[in-house]
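Below: one structure, written as structure tokens.
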Amino acid sequence: MDENQKLQFIKTNFWKKIKETGKKIPFLKDVIAMYYCLLDENTSLTAKTSIALALLYFISPVDAIPDIILGLGFTDDAGVIATTLLIIKSQLKPEHYTKANESLSN
20 MDENQKLQFI KTNFWKKIKE TGKKIPFLKD VIAMYYCLLD ENTSLTAKTS IALALLYFIS
80 PVDAIPDIIL GLGFTDDAGV IATTLLIIKS QLKPEHYTKA NESLSN
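Count the sequence shown with this note's numbering and you get residues 20 to 125, in order.
Given below as structure tokens:
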């Protein structure tokens, strides 16, 4: 899957996954902020690649720990998201979190 295909897959499936998870995951705002960072033309290619891989893992129905397992289902996703946040923290801007907050309030 090339970069354009990955981006299109994320754009097509991201909000569906967010609706499915609802507010069950404590790192939801970070995931949405990462999505907006991915779409930001000012984000570096390296950060976009890291974000795309993390979001692909988050969206993917294939997980190390299936999301339906109560209490444990999102722990692998949380690890991937947390690691990616550390890698891209300089690329995440307040406006990405503003957009994430706006998305959560709708």
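Beta carbons: idealized from backbone N, C-alpha and C, even for Gly.
As the structure is a computational prediction, the values presented were derived from the model and not from experiment.
Asked, Found
"Are the CB atoms of Leu64 and Ile29 within a distance shorter than 8 Å?", "no"
"Given a cut-off of 8 Å, decide if Leu26 and Ala97 are closer than it, judged by their beta-carbon atoms.", "no"
"For Thr102 and Ala119, what's the separation of their Cα atoms in angstroms?", "19 Å"
"Between the alpha carbons of Glu114 and Ile78, how many angstroms are there, rounded?", "23 Å"
"In the DSSP assignment, find the unbroken alpha helix (DSSP H) run with Ile44 in it and report its ends.", "From DSSP, Ile44 is part of no alpha helix (DSSP H); its letter is neither H nor E."
"So the alpha helix (DSSP H) Glu114 belongs to, where does it begin and stop?", "Pro113 to Ser124"
"With Gly65 as the anchor, note down where its alpha helix (DSSP H) starts and where it stops.", "Correcting the residue identity first, residue 65 is Thr in this sequence and not Gly. Looking at the DSSP string, the run of the alpha helix (DSSP H) that includes Thr65 is Leu64 to Ile78."
"Do you know whose CA, among Leu104, Ser69 and Ile51, lies nearest Glu22's CA?", "Ser69"
"Quick check: what's the CA-CA separation for Thr94 versus Ile51?", "17 Å"
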